[in-house]
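Chemist:
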Amino acid sequence: MDIEQFIGGNAVSIAIAVFIIVCIFLGVRVVPQSEKHVVERFGKLRSVLGPGINFVVPFLDKVAHKISILERQLPNAMQDAITADNVLVKVETSVFYRIIEPEKTVYRIRDVDGAIATTVAGIVRSEIGKMELDHVQSNRSQLIGKVREQVAAMVDDWGIEVTRAEVLDVNLDEATRAAMLQQLNAERARRAQVTEAEGDKRAMELKADAELYAAEQEAKERRILADAEAYATGVIAEAIRLHGLEAAQYQVALKQVEALTAVGQGTGKQTIIVPAQALEAFGDAFKMLKGRT
């Protein structure tokens with residue numbers, strides 16, 4: 494039996510076998526980990542095939558779209574915006590996203606990248622329009638949070654997840670930059686003057702405190718001397734009360750002797766002219782002292 498006779502006798506069986514092989518080939522779909530496949534039947538959404546081995550109905554179902562679920566990055570975009578205090582700024586943004594529901598993305602939006610870029614630009618302009626320039630510069634993280642939140646809410650109907658939305662830079666025109674630099678220099682000068690004035694004030698306060706402390710110490714010293722003098726006077730008064738006038742004369746004579754002794758103890762050769770009355774007082778004091786001893 495030659496080959497032609499074999500084929501002729503088994504043509505139906507061979508056709509059936511080929512048909513089964515083709516059905517198996519068309520009915521089994523292997524989807525990569527990084528993709529999802531959208532299956533249509535007669536032009537209508539039938540199912541979404543996930544990674545791995547999947548089965549479809551041959552000749553009825555077909556894979557209409559192969560969607561990558563990897564994270565994507567939009568090209569960095571620059572858009573103009575006007576702040577609440579009427580300053581024109583150029584904002585550079587960057588957006589990362591991935592498709593999580595291909596059936597929504599395929600049938601609800603045509604240009605995904607363009608739609609997301611337009612949405613981000615509108616939200617950035619809207620949010621910056623509510624903030625003053627200083628607030629935009631100092632609270633960029635808050636601005637980024639608001640942009641990410643609103644973008645995520647608006648693209649949810651497209652089956653897209655925004656993983657990152659960043660405001661990379663906020664640029665100003667030259668005139669605004671020069672005005673801000675002038676304002677910054679003026680603010681620095683003002684702070685320097687305030688610091689210097691506060692330093693002078695503190696120095697004056699410390700000086701006043703020192704003078705007050707010195708005055709208090711001097712007053713304390715005078716009070717102590719006055720107390721000592723009052724005590725000495727009281728002792729003398731008591732001695733006079735007990736011993737009469739002689740005690741007072743004794744104290745006066747003692748002071749005179751101490752004074753003349755102090756004059757005579759000066760360094761070098763000295764010539765001292767002593768009045769006759771002083772000599773008499775010295776004699777009287779010496780007699781009284783001698784009488785005491």
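Sequential numbering from 494 applies to the sequence shown in our numbering.
C-beta: ideal position from N, C-alpha, C; glycine also.
Give me the Cβ distance between Phe548 and Val521, rounded to the nearest whole Å; I'm assuming they're in contact under 8 Å.
Modeler: Taking the first residue of the sequence shown as position 1, residue 548 is located at position 55. Taking the first residue of the sequence shown as position 1, residue 521 is located at position 28. About 6 Å; that satisfies the 8 Å criterion.
Chemist: What's the gap between the Cα of Arg633 and the Cα of Tyr590?
Modeler: Indexing the sequence shown from 1 puts residue 633 at position 140. Indexing the sequence shown from 1 puts residue 590 at position 97. So the alpha carbons of these two residues sit roughly 21 Å apart.
Chemist: Name the DSSP beta bridge partners of Asp554, please?
Modeler: Numbered from its first residue, the sequence shown carries residue 554 at position 61. Per DSSP, Arg534.
Chemist: Report all residues from its chain with a CB closer than 6 Å to the CB of Ala645; omit the five preceding and five following residues, and keep chain order.
Modeler: Here residue 645 is taken as the residue at index 152 of the sequence shown, counted from 1. Contacts found: Val655.
Chemist: Here's the rule: buried if 16 or more other CB atoms are within 10 angstroms of the residue's CB, otherwise exposed. What is Pro525?
Modeler: Locating residue 525 in the sequence shown gives position 32, where the first residue counts as 1. By the neighbour-count rule (16 or more Cβ atoms within 10 Å), Pro525 is not buried but exposed.
Chemist: Tell me whether Gln635 is buried or exposed, calling it buried when 16 or more other Cβ atoms sit within 10 Å of its Cβ.
Modeler: As a first step, residue 635 must be located in the sequence shown, where it is residue number 142. Burial call: exposed.
Chemist: When the cut-off is 8 Å and only beta carbons count, does Ala701 lie next to chain D?
Modeler: Annotation note: the requested chain D is absent from the structure, which comprises a single protein chain.
Chemist: Would you mind working out which of Ile562, Leu581 and Asp604 sits nearest Ile592, comparing C-alpha positions?
Modeler: Looking up residue 592 in the sequence shown gives position 99. Checking every option, the nearest Cα to that of Ile592 belongs to Ile562.
Chemist: Just curious, the alpha helix (DSSP H) that Gly543 is in, first and last residue?
Modeler: As a first step, residue 543 must be located in the sequence shown, where it is residue number 50. It is not in any alpha helix (DSSP H) - Gly543 carries neither H nor E in the DSSP assignment.
Chemist: Taking the alpha-carbon positions, what's the Gln676 to Lys694 distance?
Modeler: Residue numbering aside, residue 676 sits at position 183 when the sequence shown is read from its first letter. Residue numbering aside, residue 694 sits at position 201 when the sequence shown is read from its first letter. The alpha-carbon atoms of Gln676 and Lys694 are separated by roughly 27 Å.
Chemist: Out of curiosity, what's the CA-to-CA distance linking Val599 and Ile653?
Modeler: If you number the sequence shown from 1, residue 599 lands on position 106. If you number the sequence shown from 1, residue 653 lands on position 160. Between Val599 and Ile653, the C-alpha separation is close to 11 Å.
Chemist: Measure how close the beta-carbons of Val582 and Asn664 come, nearest whole angstrom, since I'm counting them as under 8 Å.
Modeler: Residue numbering aside, residue 582 sits at position 89 when the sequence shown is read from its first letter. Residue numbering aside, residue 664 sits at position 171 when the sequence shown is read from its first letter. The Cβ separation is near 7 Å, so the contact holds.
Chemist: Three-state secondary structure (DSSP) at Met697?
Modeler: Position 204 of the sequence shown, counted from the first residue, corresponds to residue 697. The answer is helix: DSSP assigns Met697 an H, G or I state.
Chemist: What is the residue span of the beta strand (DSSP E) that Ile637 lies within?
Modeler: One-based indexing of the sequence shown puts residue 637 at position 144. That residue, Ile637, is in no beta strand (DSSP E); its alpha helix (DSSP H) goes Arg633 to Met647.
Chemist: Within 10 angstroms of its Cβ, does Met624 collect 16 or more other Cβ (buried), or is it exposed?
Modeler: Against the sequence shown, residue 624 aligns to sequence position 131. Classification of Met624: buried, given that the 10 Å Cβ count is 16 or more.
Chemist: Buried or exposed for Arg641, please, with buried defined as at least 16 other CB atoms from any protein chain shown within 10 angstroms of its CB.
Modeler: Numbered from 1 along the sequence shown, position 148 holds the residue referred to as residue 641. Buried is the call here.
Chemist: Distance, Cα to Cα, Val588 vs Ala570?
Modeler: Taking the sequence shown and counting its residues from 1, one reaches residue 588 at position 95. Taking the sequence shown and counting its residues from 1, one reaches residue 570 at position 77. Roughly 9 Å separates the two Cα atoms.
Chemist: Checking the sheet assignment: what are the DSSP bridge partners for Ala690?
Modeler: As a first step, residue 690 is located in the sequence shown; it is residue number 197 there, counting from the start. Its beta-bridge partners do not exist; DSSP assigns none.
Chemist: Rounded to whole angstroms, what is the Cα-Cα separation between Val511 and Ile517?
Modeler: Taking the sequence shown and counting its residues from 1, one reaches residue 511 at position 18. Taking the sequence shown and counting its residues from 1, one reaches residue 517 at position 24. One C-alpha to the other measures close to 10 Å.
Chemist: What separation, rounded to the nearest whole angstrom, lies between the Cα atoms of Glu722 and Leu705?
Modeler: One-based indexing of the sequence shown puts residue 722 at position 229. One-based indexing of the sequence shown puts residue 705 at position 212. The straight-line gap from Cα to Cα measures roughly 25 Å.
Chemist: Can you tell me where the alpha helix (DSSP H) holding Ser587 begins and where it ends?
Modeler: Looking up residue 587 in the sequence shown gives position 94. That residue, Ser587, is in no alpha helix (DSSP H); its beta strand (DSSP E) goes Leu581 to Ile592.
Chemist: Pull up the CB-CB distance for Leu542 and Lys555, whole angstroms please, since I reckon it's below 8 Å.
Modeler: Residue 542 sits at position 49 when you count from the first residue of the sequence shown. Residue 555 sits at position 62 when you count from the first residue of the sequence shown. With 8 Å as the limit, Leu542 and Lys555 do not qualify as a contact, their Cβ atoms being about 12 Å apart.
Chemist: According to DSSP, which residues form a beta bridge with Lys559?
Modeler: Taking the first residue of the sequence shown as position 1, residue 559 is located at position 66. The partner list for Lys559 (beta bridge, DSSP) reads His530.
Chemist: Can you round the beta-carbon distance between Val531 and His558 to whole angstroms, since I take them to be within the 8 Å contact cut?
Modeler: Your numbering for residue 531 matches position 38 in the sequence shown. Your numbering for residue 558 matches position 65 in the sequence shown. That belief holds up - the Cβ atoms of Val531 and His558 are roughly 4 Å apart, short of 8 Å.
Chemist: Tell me whether Arg603 sits in a helix, a strand or coil according to DSSP, three-state version.
Modeler: Position 110 of the sequence shown, counted from the start, is the residue given in the question as residue 603. Three-state DSSP puts Arg603 in coil, outside helix and strand.
Chemist: Going by beta-carbon coordinates alone, are Asp606 and Leu661 separated by less than 8 Å?
Modeler: Here residue 606 is taken as the residue at index 113 of the sequence shown, counted from 1. Here residue 661 is taken as the residue at index 168 of the sequence shown, counted from 1. No, they are not a contact pair.
Chemist: Taking buried to mean at least 16 other C-beta atoms within 10 Å of its own C-beta, is Ala504 buried or exposed?
Modeler: Numbered from its first residue, the sequence shown carries residue 504 at position 11. Ala504 should be labelled exposed.
Chemist: How about Ala574 and Ile616: do their beta carbons lie closer than 8 Å?
Modeler: Start at 1 with the first residue of the sequence shown, and residue 574 comes out as number 81. Start at 1 with the first residue of the sequence shown, and residue 616 comes out as number 123. No. Outside cutoff.
Chemist: Distance, Cα to Cα, Ala610 vs Gly692?
Modeler: As a first step, residue 610 is located in the sequence shown; it is residue number 117 there, counting from the start. As a first step, residue 692 is located in the sequence shown; it is residue number 199 there, counting from the start. Distance between the alpha carbons of Ala610 and Gly692: 54 Å.
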